[in-house]
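Since the structure comes first, as structure tokens, the remarks are kept for the end.
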Amino acid sequence: MATEWDTHTALTTTGDGLFGADLDPGWTVGGGVNGGYLLGVVGKAIAEAVPAKPHPLAVSAHYLSAARPGPAQVSTRVLREGGSVATVSAELGQAGTTRISALATYGDLCSMPDDVATTAEPPALPPLEECVPGSLAPEETRRVAPVMDRFDMRFDPACVGWTMGAPSGRGHIQAWFRMADGHDVDPVGLLMVCDALPPVTFDLGRPGWAPTLELTVHVRAVPAPGWLRVSHRTRNVAGGMFEEDCEVWDSTRRLVAQSRQLAIQPRG
């Protein structure tokens, strides 16, 4: 049975590396389509273009214009396909306008060495039952951001002061994460997870939509089934922009994805 994610990222192949998509309105934030969802659609098209190398390893995307729900096209071009990796360029467009331009390296994570040597530590999240469900968001917020209904997020209570007008000022938001329908996230889905939480500037007392300029994601492993831990941080707001660093850890406490994006500071 197809999951909601599979349905909302479904593609039609039109040949010569071209794919058709229908961007679902359930992934919007204030009328614009969530950047992580868009990258997931692009990521699926790239995976179909190089079926022997189905997993994203590194994807860097530039967001040129805001996408809207409805028909879209993804064009892919295989630049190089070697023994273990392929490099592919891709663009997502609507009505003759490019929305995203991406360059990606793909491979097969299942065939790669399973060695792990890291000094990174998973986010210290309280137990699920002590965290704050995203479903408690006001109805008005959920109407403006229906993308929230796609996820089951349980926020660290120490990171939700901004919801009551008392942001911590640390620039940090973290939460337990899974899809609302309970299905497990695959490596392409991790491209979306890295942009799923509210903008980290909310914790700086700067709420509002934060348009992404550039997003780079490194996928490090196939996530194990179960809840993910997702942590977003920022350390610098300058020139009307901020960076957002994300880590995604799976249920075995393995770091499965890392990302950095540059976004425009919310105007409120």
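691 is the number of the first residue of the sequence shown in this note's numbering; add one for each residue after it.
Ideal Cβ placement from N, Cα and C applies to all residues, glycine included.
Small disclaimer: the values here were computed from a predicted structure and weren't measured.
Check, Outcome
"One or two residues paired with Ile954 in a DSSP bridge", "Met931"
"Given Pro744 as reference, the closest of Cys800, Leu713 and Arg923 once Cα atoms are compared", "Cys800"
"Sub-9 Å separation of Ala870 and Cys821 beta-carbons", "no"
"Cβ-based neighbour list, Val775, same chain, cut-off 7 Å, excluding 5 preceding and 5 following", "Lys743, Leu747, Thr795, Tyr796 and Gly797"
"Given 8 Å, three or more beta-carbon pairs between the segment 898–913 and the segment 717–730", "yes"
"Same chain, Cβ closer than 6 Å to Leu793, five either side skipped, listed in chain order", "Ser750 and Ser779"
"The segment 705–715 touching the segment 806–825, judged by at least three CB pairs closer than 8 Å", "no"
"Endpoints, beta strand (DSSP E) assigned at Gly725", "That residue, Gly725, is in no beta strand (DSSP E); its alpha helix (DSSP H) goes Gly725 to Ala739."
"Any 3 or more C-beta pairs closer than 8 Å across the segment 916–926 and the segment 852–862", "yes"
"Cβ neighbours of Leu945 in the same chain (closer than 7 Å, five flanking residues each side left out)", "Thr808, Ala810, Arg910, Glu937 and Trp939"
"Through-space distance from Gly730 to Val883, alpha-carbon basis", "9 Å"
"Which residues DSSP lists as bridging Ala776, in chain order", "Glu771 and Tyr796"
"The segment 879–899 in contact with the segment 845–860 per 3-pair CB rule at 8 Å", "yes"
"Boundaries (first-last residue) of the beta strand (DSSP E) holding His862", "His862 to Met869"
"Rounded separation between Phe867 and Arg789 - CA only", "27 Å"
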